[in-house]
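**Student:** In case it helps, the working numbering puts the sequence shown at residues 373 to 585. Take a look at this one; I'll ask things after.
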Amino acid sequence: MCAYSQPPSLEEWQPKTKVGKLVKEGKIVSIDEIFEQNLRISEPEIIDYLLPDLQHEVIDIGIVQKQTDAGERTRFKAVVVVGNMNGYVGIGAGKARQLRFAIQKALLNAKLNIIPVKRGCGSWECRCGEPHSVPFVVRGKSGSVEVILKPAPKGTGLVIGDTGKKVLKYAGIKDIWSFTRGKTRTTYNFAMAVFNALKMTYKTITPEDWLRG
């Protein structure tokens with residue numbers, strides 16, 4: 373695990389999108405505003421400025437080989453998870469001839485894929501009211517892998533495979549019950565299935581959301 377390097381200064385960054393310009397001008401000061409207004413994040417610098425406490429970890433490195441007219445072409449593939457351990461997480465993959473460039477591409481991609489994660493205490497055994505688990509059961513799928521995340525009482529820990537633990541940790545989830553099926557040894561699909569399940573915590577509208585609105 374390691375922290376991001378410092379983002380470029382406002383003077384150095386020249387935003388190319390409307391959202392980027394609003395961030396640079398100080399008209400958007402919170403990442404929550406972007407998701408509440410359903411705006412698209414197309415520049416990683418937006419995340420650098422609005423979520424400066426992000427951390428990342430490389431969760432998988434592989435070699436991809438492709439046969440071309442010039443012979444066999446070999447590239448590295450990296451999968452990276454990013455998060456602030458407090459309700460935001462992203463996953464990205466990148467390919468390049470050099471490993472460090474593959475990681476860099478995956479990191480940038482993960483920033484652009486950042487999502488908010490709704491946390492809570494949905495376990496009937498706990499009901500502490502603290503955001504340590506998911507608020508309700510959610511499902512996610514990627515490739516052959518399907519994951520079901522269930523609320524767990526405080527102190528349970530992350531009852532899921534190592535790849536899933538990393539994604540949940542960076543999202544700020546501390547306790548979970550899970551059910552998985554499919555080829556979970558495929559790291560990317562496993563990570564994306566967990567990611568897609570977490571995405572449903574934000575997309576699902578609950579009675580509490582109606583009252584809040």
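For every residue, glycine included, the Cβ atom is placed at its ideal position computed from N, Cα and C.
What residues match up with PHE353 in a beta bridge as DSSP calls it?
**Tutor:** Nothing can be reported for residue 353, as the shown portion of the chain is limited to 373 through 585.
**Student:** Kindly indicate which three-state DSSP category LYS571 falls into: helix, strand or coil?
**Tutor:** Translated into the one-based positions of the sequence shown, residue 571 becomes position 199. Helix.
**Student:** I'd like to check one pair, ILE403 with LEU422: are the Cβ atoms closer than 8 Å?
**Tutor:** Residue 422 sits at position 50 when you count from the first residue of the sequence shown. Residue 403 sits at position 31 when you count from the first residue of the sequence shown. Yes, the pair counts as a contact, with Cβ atoms nearer than the cut-off.
**Student:** Is it true that the segment 494-514 meets the segment 476-483, where meeting means three or more beta-carbon pairs spaced less than 8 Å apart?
**Tutor:** no
**Student:** Taking the alpha helix (DSSP H) that GLY392 falls in, what are its first and last residues?
**Tutor:** If you number the sequence shown from 1, residue 392 lands on position 20. The continuous alpha helix (DSSP H) containing GLY392 extends over residues 390-396.
**Student:** By DSSP's criteria, ARG499 is part of a beta bridge. Which residues make up the other side?
**Tutor:** Along the sequence shown, read from residue 1 onward, the residue named residue 499 stands at position 127. Paired residues: none, contrary to the question.
**Student:** Relative to the C-alpha of ALA524, which candidate in PHE551, SER516 and MET457 has its C-alpha closest?
**Tutor:** Position 152 of the sequence shown, counting from 1, holds the residue named residue 524. Comparing Cα positions, the closest option is PHE551.
**Student:** Throw me the rounded Cβ distance for the TYR542 and GLY455 pair, which I believe falls under 8 Å.
**Tutor:** Taking the sequence shown and counting its residues from 1, one reaches residue 542 at position 170. Taking the sequence shown and counting its residues from 1, one reaches residue 455 at position 83. Taking a contact as a CB-CB distance under 8 Å, the pair TYR542 and GLY455 counts as one, their CB atoms being some 3 Å apart.
**Student:** Using DSSP bridges, identify the partner residues of THR440.
**Tutor:** Residue numbering aside, residue 440 sits at position 68 when the sequence shown is read from its first letter. Answer by DSSP bridge pairing, in chain order: GLY443.
**Student:** Where are the alpha helix (DSSP H) runs, 4 residues long or more, that stay fully inside the segment 473-546, in chain order?
**Tutor:** 534-543
**Student:** Assuming VAL461 and LEU570 form a contact by the criterion Cβ under 8 Å, report the distance between their Cβ atoms to the nearest whole angstrom.
**Tutor:** Start at 1 with the first residue of the sequence shown, and residue 461 comes out as number 89. Start at 1 with the first residue of the sequence shown, and residue 570 comes out as number 198. About 6 Å; that satisfies the 8 Å criterion.
**Student:** Ends of the beta strand (DSSP E) at THR552?
**Tutor:** If you number the sequence shown from 1, residue 552 lands on position 180. Counting along the chain, the beta strand (DSSP E) containing THR552 begins and ends at 549-553.
**Student:** ALA565 and SER514: beta carbons closer than 8 Å?
**Tutor:** Numbered from its first residue, the sequence shown carries residue 565 at position 193. Numbered from its first residue, the sequence shown carries residue 514 at position 142. Result yes, Cβ atoms of ALA565 and SER514 sit closer than 8 Å.
**Student:** Going by DSSP, what residues sit across from GLY462 in a beta bridge?
**Tutor:** Locating residue 462 in the sequence shown gives position 90, counting from the first residue. DSSP output for GLY462 lists VAL454 as bridge partner(s).
**Student:** To the nearest angstrom, how far is it from the Cα of GLU405 to the Cα of ASP432?
**Tutor:** Sequence index remark: in the sequence shown, residue 405 carries index 33 (1-based). Sequence index remark: in the sequence shown, residue 432 carries index 60 (1-based). Those two C-alpha atoms are separated by around 32 Å.
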